[in-house]
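J.:
Protein chains in written order, with the working numbering: chain B, 1 to 413; chain Z, 1001 to 1533; chain G, 2001 to 2529.
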């Protein structure tokens, strides 16, 4: 069957969990993620998977994330030089979400940076970043190691995620606060667990050596079933992240180094990530440009939009139809207007089953970005272009207290 | 005192020229030199008792006349000796080719090689000097900014176009045509004699890791003509050895109020908020200044003296991409007898050598190309191109009476070897290849040698602080000149660090003992500091 | 003997540019005649069935830069042009490994990653930059070069346009373009990549058709060509013409005929007739004289000006500059009929790699040494090979189950020491096969027929001076308004009514057709049509 000859590379690979995910993926609904096959949904529809995330727990294979380890005496210097947040303030055991920029202050990528030890960091990214790290490491004493294929990663997300993990980690999660990481064991398997995720919910990400991936999956599953654990695919995740107001690279913004024209690039301020930008820490890539930008009024903001249901109903009523919106996140950019003038564009749109609203994430000109501003978003109704009212809203749209809460966890003896 | 207006790093000739100009304009200026003598590559050392050897450059084309007059250097301080004939190019089994200041005399020497070439010689000189004249206009101008040019840049460009047009639009176009050519192609358009073409082609390859069949070598030939007063391969040396240049420039700088501190190596350039604020010395001393001018090359300035986190990764990458690839080595011989080049019956050759003419071993373009082939794969040339000179011919005081010094630049000796490094055995092989090569033309040479000294590219790198031993602080290839020199977009002496400038051969218009980069850098510093006042 | 009829235009040479030129003239209503020396049109763009059932793209073998506006204007698909994609390039290595670049991004990345993780990443960055630069350079290809010596109003406008265009580039892009124009491909790629085989294979595309090595400055900018195809709106523009490359010429000829252009084969032109500094007709080798108001030469500048005209037809300085024009042949071609597919050690068996290009370019040093041989007048002992197997993509090229293979070979200098003889030709062919056999050992056993084209053959058969496939070196001083010579880059010549439309004019070689089209548009402008 193998027509490609003995040594031909296959374009796509399975993740370290592929043996298990493959068996579970009933709809054979796969997509590609950074050269790996990744389930869009395991069931024939993704609804159950989404609700598992919000009401019980979902297990998402996030192994295709690029993962790098930065070690050595200048590891902090390198990390601090690359990202916009002040890493000197990141304690051991802490994780931060951060974008990083090119020298013009335009965002190349975003991800999480874990401080595993004083001089040991793990960086996750959506785009390959090995070369960029090396280019910034000139003259520094660091070792940069890519561990994308060597480390499997699972996101266990949802209100029951703590219960599931707590039982198999010997209570080690008791003190694990939001955006922190610990090293522990799950039934003898050495793992890092970070209280992070891409769902805006209570949740954890578990990082494991690829060779232990399958046993880890099995252990979590064995214990999770009674808590309603379900494997969740990327379609469910996509809805959750829109509810959480989280950006997706290539959808909500274009990485600066892939942009063919300047106007496709975005600064952290323009992506609503101003809070991640430290302007007074030591020199880092893009600081000069970001300082300069900060001194000017912002031109663009990244905001949530809530699409007015009644206006949607009106638009559809004209053709005698009830509103029709798809059950998954839409990723095509659509124009946003103030009166007749286009003032922005929405890059992700999704019906939120939890907040029961039609939501969007949008780039808006600053003067139209005030919370509550009434704008119009383009919709297509029965082959015709229309608009519906959309109000600028705060993100996250869904922000449960459990996401950051501390828990009294009883250590099992 | 440890607070200055300007600090100049490196007391090479360009550094001293910059310092002298800055001091002359009233800036309190200090020059910091790591070695115990000023002059950089213009160096003379007493290698053996009584033998004063030019261990760096042994020839130069011409120092910009304005520098000499602006800095009030008298001919007593700096006595320039220029031989005529300028070169001899000995050939196997044939007459020696000799070139003179006087075109007719050169033509006479070319004539036995080719009547046609002899006839075309004056015409060739004329064409080259037209092209050189245009090049000189470009050398006098800050390289234009073309990318994202604003109105000011366009205005500058228009002015440059007018100046070029005044020199001659046809000539400017001809220069445009010549610049990307190979020196082989250029010479093929004019000449047929291998000896003449080989000899002339050497100017197109000096100091670069390219052969005469490489595009852009025609440009380097033209570059070598700038300042030569229309004489091809014009050569000069200084009375008392090349170190006289450093001494004289040091005195001039001091006269204008600059301080020159020798044996004071800089360990880092201090930067605060992306502005240069001074330097730290290896001694631990800190000096402050609002302007720091570095005459050393970009690799050392940016990758060694500056905290890399102060620079953008894109700029660091551009600096790391600068090609150095040194290919020159030097061999110095102390001789107890004058070497006899050329066939016995030709006493003209011998007298030229003893008048200080360059001895060029480059019998053909193919010879040079084959010499380059070795270097391309990381080996020294088996049959190298040699540019030798008996320095004692014009200045007998450099050696004990009756003795001579022969100084030879050898190419190609690549800094980066395919395997291993420049150890003793390599040094010996290099030495022997030069002595063997020269001896085939001057059979008495071998027996006349009393001392021998070799500087491999690695030695040149160490001794003169030249990255990869490149004598131009960066190859003079088309991608590294004008606005691309020293790094793309930084052709105007400034750097991404506010208040930090470059003034060495790495800056426009590049290498050679011309003092042009030093002079132009001083101009750039002064124009900014008056604006900022 | 004079043909009674006077034509509006005569195009000398039925190569693809001549045909494009004639088609445009015919389309504008000019009564046009094309005169071709050989028995078939196409020049270097021909398919010939040299052995029954086996069709060879004898010289040019892929389609890359054929201008989309020509395809549209002449409706070439309607005239039989069908371009099939060449999806991949693999480079077999002596150690049994290989480098593959495939149609799929992930697959390419994974393969590059095996050789160098950093390169896998740099390759995408490089691709983005090249895409931007190709976009920036594209309008230049469509420009009529201005006359820099005595610019007309239009020329000044062109220069302004060019200047404005360059001003739009970011600094990074501008400097990269500057470097591309001046550097060697090996040096340029050294700034990006560390993997030897990747650099070698990419730089190989910079040396095709040149008498330069990968370390010779001036070879970098050809790297852009690879990306130019991507921005033409023609998805995956690199391809192979169904029926062989001759179908490119055939389809243009068919389009030309549909516009009433007359095409005569086996009608070699001896010289151009001039009267009082203007061209009035041509004389065929047969002695036949044909008159026309306009004469256009699709031949290279040497043939156009030194053979078709008398020296006293042209000014001395012009003649001098044409004599200086560099046109050096460096490549040969080997075409094979195969009983079976080659079996590559690195990728045994039949697979998708055989549908793409196979590049024998294991290292930069390998290519450079190949060049060294040629510099001193020998063909490369181990040459660079660019191989395609057209029958894998178009089964009509060979009898069922059999195959044809096209091998582009470099270097083979036109000025071979001792000259090209039959013995040398066979020795050259043997060298090519021996080289290939190191990577595909079964090749010697599966060859049914072999055709070897030396540069001398390319000259004699295709009318390419010295066998140079681009009608002249693509060096900086022979591009844009220097091509073929300053002040005569606008397709006109010092002889009135005599034009040039070959690859020796801007924008040069490659089967792009732009010179033919540009020349036609200039002629029509002069004729106020």
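Virtual Cβ for every residue (Gly too), placed ideally from N, Cα, C.
Note that the coordinates shown come from a computational prediction; the quantities given were computed from them, not determined experimentally.
Thinking C-beta only, is residue 194(B) closer than 8 Å to residue 205(B)?
T.: Contact: yes.
J.: Using the three-state DSSP reduction, which class does residue 151(B) fall into: helix, strand or coil?
T.: If DSSP states are grouped into helix, strand and coil, residue 151(B) belongs with the strands.
J.: Assign residue 100(B) to buried or exposed, taking buried as 16 or more other Cβ atoms, counted over all protein chains shown, within 10 Å of its Cβ.
T.: The residue in question, residue 100(B), is buried, as its Cβ has 16 or more Cβ neighbours within 10 Å.
J.: Do you know whose CA, among 2196(G), 2072(G) and 2340(G), lies nearest residue 2364(G)'s CA?
T.: Measuring from the Cα of residue 2364(G), the nearest candidate turns out to be 2196(G).
J.: Using 10 angstroms around the beta-carbon of residue 16(B), count the other beta-carbons present and answer buried if the total reaches 16, otherwise exposed.
T.: Buried.
J.: Helix or strand or just coil, what does DSSP make of residue 1490(Z)?
T.: Residue 1490(Z) falls in the coil class under three-state DSSP.
J.: Going by alpha carbons, who is nearest to residue 1297(Z) out of 1290(Z), 1306(Z) and 1289(Z)?
T.: Taking only the C-alpha atoms, the option nearest residue 1297(Z) is 1306(Z).
J.: Anything in the region 2361-2375 of chain G with a Cβ closer than 7 Å to a Cβ of chain Z? List those residues in chain order, please.
T.: Those residues of the region 2361-2375 of chain G that come within reach of chain Z (Cβ to Cβ, closer than 7 Å) are 2365, 2368, 2372 and 2375.
J.: So for residue 1359(Z), helix, strand or coil by DSSP?
T.: Note: residue 1359(Z) maps to strand in three-state DSSP.
J.: What are the partner residues of residue 1309(Z), as DSSP defines its beta bridges?
T.: DSSP lists no partner for residue 1309(Z).
J.: Give the residues of chain B in contact with residue 1317(Z), contact being defined as C-beta atoms less than 7 Å apart.
T.: Within chain B, the residues near residue 1317(Z) are 135.
J.: Go ahead and label residue 2077(G) buried or exposed: buried means 16 or more other beta carbons lie within 10 angstroms of its beta carbon, across all protein chains shown.
T.: So residue 2077(G) ends up on the exposed side.
J.: Can you tell me whether DSSP reads residue 1072(Z) as helix, strand or coil?
T.: Coil at residue 1072(Z), not helix or strand.
J.: Rounded to whole angstroms, what is the Cα-Cα separation between residue 35(B) and residue 95(B)?
T.: C-alpha separation (whole angstroms): 26 Å.
J.: Shorter than 8 Å from the beta carbon of residue 260(B) to some beta carbon of chain G?
T.: Chain G contact via Cβ: present.
J.: Quick one: any contact between the region 1005-1022 of chain Z and the region 1184-1191 of chain Z, if contact means 3 or more CB pairs under 8 Å?
T.: Segments in contact, no.
J.: Is it true that the region 335-344 of chain B meets the region 315-322 of chain B, where meeting means three or more beta-carbon pairs spaced less than 8 Å apart?
T.: Result no; under three Cβ-Cβ pairs closer than 8 Å.
J.: So that I know if they touch, is there some Cβ in chain B lying closer than 8 Å to that of residue 2128(G)?
T.: For residue 2128(G), the answer is yes, since a Cβ of chain B falls inside 8 Å of its Cβ.
J.: Enumerate in chain order the residues of its own chain whose CB-to-CB distance from residue 1260(Z) is below 8 Å, with the five nearest sequence positions on each side excluded.
T.: For residue 1260(Z), where only same-chain residues beyond five positions count, the Cβ hits under 8 Å are 1011, 1016, 1019, 1030, 1031, 1033, 1038, 1250, 1253 and 1254.
J.: Please indicate yes or no: does the CB of residue 2252(G) lie closer than 7 Å to some heavy atom of the ligand MG?
T.: Summarising the ligand content, the structure contains no ligands, and the ligand MG is consequently not present.
J.: Of all the CB atoms in chain B, is at least one closer than 8 Å to the CB of residue 1321(Z)?
T.: False, the Cβ-Cβ gap to chain B never drops below 8 Å.
J.: I need the straight-line Cα distance from residue 999(Z) to residue 1327(Z), nearest angstrom please.
T.: Missing from the structure shown is residue 999(Z); chain Z here goes from 1001 to 1533 and no further.
J.: When you compare the CB of residue 1419(Z) with every CB in chain B, is at least one pair closer than 8 Å?
T.: Output row for residue 1419(Z): interface = no.
J.: Starting from residue 117(B), trace the beta strand (DSSP E) in both directions and tell me its first and last residue.
T.: It spans 107-117 - the beta strand (DSSP E) in which residue 117(B) sits, taken as one unbroken run.
J.: Three or more beta-carbon pairs under 8 Å between the region 2182-2189 of chain G and the region 2091-2101 of chain G, yes or no?
T.: Not touching, per the Cβ criterion.
J.: Between 1053(Z), 1077(Z), 1495(Z) and 1472(Z), which has its C-alpha nearest residue 1246(Z)'s C-alpha?
T.: Residue 1077(Z) is the option with its Cα nearest to residue 1246(Z).
J.: First and last residue of the alpha helix (DSSP H) that includes residue 2446(G)?
T.: Segment 2443-2446, the alpha helix (DSSP H) holding residue 2446(G).
J.: Kindly indicate which residue of 1002(Z), 1405(Z) and 1059(Z) has the alpha-carbon position closest to the one of residue 1228(Z).
T.: The candidate whose alpha carbon is nearest that of residue 1228(Z) is 1059(Z).
J.: If you draw a straight line from the alpha carbon of residue 2141(G) to that of residue 2510(G), how long is it in whole angstroms?
T.: Whole-angstrom Cα-Cα distance: 12 Å.
J.: Put residue 2536(G) into one of helix, strand or coil per three-state DSSP.
T.: No statement about residue 2536(G) is possible, as the shown extent of chain G runs from 2001 to 2529 and does not include it.
J.: Taking DSSP's pairing of strands, which residues face residue 1498(Z) in a bridge?
T.: Residue 1498(Z) is bridged to 1275(Z).
J.: Just the Cα atoms here: how many angstroms apart are residue 1516(Z) and residue 1222(Z)?
T.: If you take the alpha carbons of residue 1516(Z) and residue 1222(Z), they lie about 16 Å apart.
J.: Report, in whole angstroms, the separation of the C-beta atoms of residue 276(B) and residue 85(B), which I expect to be a contact under 8 Å.
T.: At roughly 5 Å, the Cβ-Cβ gap stays under 8 Å, so residue 276(B) and residue 85(B) are in contact.
J.: Which value, in whole angstroms, describes the spacing of the CA atoms of residue 2044(G) and residue 2105(G)?
T.: Rounded to the nearest angstrom, the two C-alpha atoms are 33 Å apart.
J.: Write down every uninterrupted run of the alpha helix (DSSP H) in the region 2091-2149 of chain G whose length is 4 residues or greater and which is fully enclosed by it, in chain order.
T.: DSSP runs (the alpha helix (DSSP H)) wholly in the region 2091-2149 of chain G: 2105-2115 and 2117-2141.
J.: Identify each residue in the region 71-94 of chain B for which the Cβ-Cβ distance to at least one residue of chain Z is less than 8 Å, and report them in chain order.
T.: Listed by position along the chain: 77 and 81.
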